[in-house]
Amino acid sequence: MPADARTALLDARAAMRDRIAALEATVRDLQARLQLDSTNSSKPPSSDPIVLKRKPPTPPSQRKRGGQPGHREAFRALVPPEKLRSSTDCTPEACRRCGQEFSGEDPDPLIHQVAELPKIEPIVDEDRLHRLACPGCGSSTCGTLPEGVPKTRFGPSRQATLATLAGAYRRSKRRSQQLAGDLFGPSISTGMISELARLSAEVLRAPHNELATAVHTAEVTHADETGWREDRHQNWLWVAVTASFTVFTIAPNRSAKVAQAVLGTQVGPVAVTDR
Numbered sequence: 001m002p003a004d005a006r007t008a009l010l011d012a013r014a015a016m017r018d019r020i021a022a023l024e025a026t027v028r029d030l031q032a033r034l035q036l037d038s039t040n041s042s043k044p045p046s047s048d049p050i051v052l053k054r055k056p057p058t059p060p061s062q063r064k065r066g067g068q069p070g071h072r073e074a075f076r077a078l079v080p081p082e083k084l085r086s087s088t089d090c091t092p093e094a095c096r097r098c099g100q101e102f103s104g105e106d107p108d109p110l111i112h113q114v115a116e117l118p119k120i121e122p123i124v125d126e127d128r129l130h131r132l133a134c135p136g137c138g139s140s141t142c143g144t145l146p147e148g149v150p151k152t153r154f155g156p157s158r159q160a161t162l163a164t165l166a167g168a169y170r171r172s173k174r175r176s177q178q179l180a181g182d183l184f185g186p187s188i189s190t191g192m193i194s195e196l197a198r199l200s201a202e203v204l205r206a207p208h209n210e211l212a213t214a215v216h217t218a219e220v221t222h223a224d225e226t227g228w229r230e231d232r233h234q235n236w237l238w239v240a241v242t243a244s245f246t247v248f249t250i251a252p253n254r255s256a257k258v259a260q261a262v263l264g265t266q267v268g269p270v271a272v273t274d275r
């Protein structure tokens, strides 16, 4: 066999061996992926194959509901005296058995506190903007709102409450509208709730971006993500937790690009994830 042909044959065999090794590695990787399910990975149960045998449900416990014998008792902390609306001493006048009259007082009385919500009534401020015509040139000039008065019909506290209902508490615009009318009227449209949420988002954009940037230099960062429905589309809610603050970010997917945007390309000394 000519030397050139022998060399070409050896090179082809070596290339074939490399190709076979690469394909075998790919097959092993694919087989390993096929073995992943919700029991041994972060995949959701909805992605499991139908034939997957589920772990039998845990039989019901024989213990009764509520606190178990020997558990540590928990008590609600008392409101300090300076924060009470009123305080009344309830002292018995006579013995409940023989009728003997009492004198003195108990140095350590039983404390019974009742917390109640006050009736919520909106505080409405009115500003009348007068428009006057100039006697000289005839043009009209309208008065301006005092400094600090919002241009919308709702103050910052009510705006923040409605934005929190629609955002953090995931209430629909219709449910938020009903709750707002029931608790602190007057009525408000669903369109205005959307507008107030948008205005609140604009106000929070700068501090959110500042904290999101600070995540990139945090010493220790805990990160995770979960599915999040937004406007009828599947998104992902990412969370980055540091020692002093927490940042939530809604992204369209859970790709490495999004992870780098949340955690930074150079993650701090310690990053804690479920992977």
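Under the UniProt record's numbering, the first residue of the sequence shown carries the number 1, and numbering increases by one thereafter.
For every residue, glycine included, the Cβ atom is placed at its ideal position computed from N, Cα and C.
Given the structure is predicted, the values throughout are model-derived calculations rather than measurements.
#1: From this set, Glu195, Gly167 and Leu78, which residue's C-alpha is nearest Lys151's C-alpha?
#2: For Leu263, which residues from the same chain have a beta carbon less than 8 Å from its beta carbon, with the 5 sequence-adjacent residues on both sides left out?
#3: Just grab the DSSP bridge partners of Thr141 for me.
#4: Measuring straight from C-alpha to C-alpha, what distance separates Phe245 and Glu225?
#5: Which parts of the stretch 219-269 are runs of the alpha helix (DSSP H), unbroken and 4 residues or longer, counting only runs that do not cross its ends?
#6: Considering only C-alpha positions, which residue in the set Gly138, Leu117, Cys137 and Leu129 is nearest to Thr144?
#7: Can you name the residues that DSSP bridges to Glu101?
#8: Return the residue from the list Ala3, Asp37, Glu116 and Pro156 that minimises the CA-CA distance to Val203.
#9: With H, G and I counted as helix, E and B as strand and the rest as coil, what does DSSP make of Ala271?
#10: So, with DSSP's three-state summary, where would you put His208?
#11: Span of the alpha helix (DSSP H) holding Arg17?
#12: Looking only at its own chain, which residues have a Cβ that is under 6 Å from the Cβ of Arg19, when we skip the five neighbours before and after it?
#13: For the alpha helix (DSSP H) containing Gly181, name the first residue and the last one.
#14: Are the C-beta atoms of Asn253 and some chain E residue less than 9 Å apart?
#15: Pick helix, strand or coil for Thr190, following the three-state DSSP scheme.
#16: Could you check where the alpha helix (DSSP H) with Thr161 kicks off and where it finishes?
#17: Can you look up Ala197 in the DSSP assignment and give me helix, strand or coil?
#18: Under a Cβ-count criterion, where at least 16 other Cβ atoms within 10 Å of its own Cβ denotes burial, should Phe154 be classed as buried or exposed?
#19: Please classify Glu82: does DSSP put it in a helix, a strand, or coil?
#20: Starting from the C-beta of Val258, find all residues in its chain whose C-beta is less than 6 Å away, skip the five residues before and the five after it, and write them out in chain order.
#21: DSSP state of Val124, grouped into three classes?
#22: Kindly indicate which residue of Leu183, Lys83 and Gly138 has the alpha-carbon position closest to the one of Arg158.
#23: Within the same chain, show all residues whose beta-carbon is closer than 7 Å to that of Gln113, passing over the 5 residues directly before and after it, in chain order.
Based on what the coordinates show:
#1: Within the sequence shown, numbered from 1, the residue matching residue 151 stands at position 151. It is Glu195 whose Cα lies nearest to the Cα of Lys151.
#2: Locating residue 263 in the sequence shown gives position 263, counting from the first residue. Closer than 8 Å at Cβ, skipping near neighbours: Val215, His216, Thr221, Ala223, Ala240 and Ala271.
#3: The residue labelled residue 141 in the question sits at position 141 within the sequence shown. Answer is Leu132, bridged to Thr141.
#4: What you label residue 245 is simply residue 245 of the sequence shown in a count that begins at 1. What you label residue 225 is simply residue 225 of the sequence shown in a count that begins at 1. The alpha-carbon atoms of Phe245 and Glu225 are separated by roughly 17 Å.
#5: 256-263
#6: Position 144 of the sequence shown, counted from the start, is the residue given in the question as residue 144. Measuring from the Cα of Thr144, the nearest candidate turns out to be Leu129.
#7: Taking the sequence shown and counting its residues from 1, one reaches residue 101 at position 101. For Glu101, which the question treats as bridged, DSSP gives the partners Ala94.
#8: Locating residue 203 in the sequence shown gives position 203, where the first residue counts as 1. Of Ala3, Asp37, Glu116 and Pro156, the residue nearest in Cα terms is Pro156.
#9: The sequence position of residue 271 within the sequence shown is 271, counting from 1. Strand.
#10: Against the sequence shown, residue 208 aligns to sequence position 208. In the structure shown, His208 sits in a helix (DSSP, three-state: H, G or I).
#11: Position 17 of the sequence shown, counted from the first residue, corresponds to residue 17. Counting along the chain, the alpha helix (DSSP H) containing Arg17 begins and ends at Ala3 to Leu34.
#12: Taking the first residue of the sequence shown as 1, we reach residue 19 at position 19. So the list is empty, once near-sequence residues are dropped.
#13: Within the sequence shown, residue 181 is the residue found at index 181, counting from 1. Residues Lys173 to Phe184.
#14: The displayed structure is made up of one protein chain only, and chain E is not part of it.
#15: In the sequence shown, counting from the first residue as 1, residue 190 sits at position 190. Here Thr190 sits in helix by DSSP.
#16: Taking the first residue of the sequence shown as position 1, residue 161 is located at position 161. Pro156 to Ala166 is the span of the alpha helix (DSSP H), which, as asked, contains Thr161.
#17: Sequence index remark: in the sequence shown, residue 197 carries index 197 (1-based). DSSP places Ala197 in helix when its eight states are reduced to three.
#18: The residue labelled residue 154 in the question sits at position 154 within the sequence shown. So Phe154 ends up on the buried side.
#19: By 1-based counting over the sequence shown, the position of residue 82 is 82. The answer is helix: DSSP assigns Glu82 an H, G or I state.
#20: For this step, residue 258 is matched to residue 258 along the sequence shown. Cβ neighbours of Val258 beyond the five flanking positions: Ala251.
#21: As a working note, residue 124 is residue 124 in the sequence shown. It is coil, neither helix nor strand.
#22: Along the sequence shown, read from residue 1 onward, the residue named residue 158 stands at position 158. Nearest option by C-alpha distance: Leu183.
#23: Within the sequence shown, numbered from 1, the residue matching residue 113 stands at position 113. Only Leu78 and Val79 meet the Cβ criterion.
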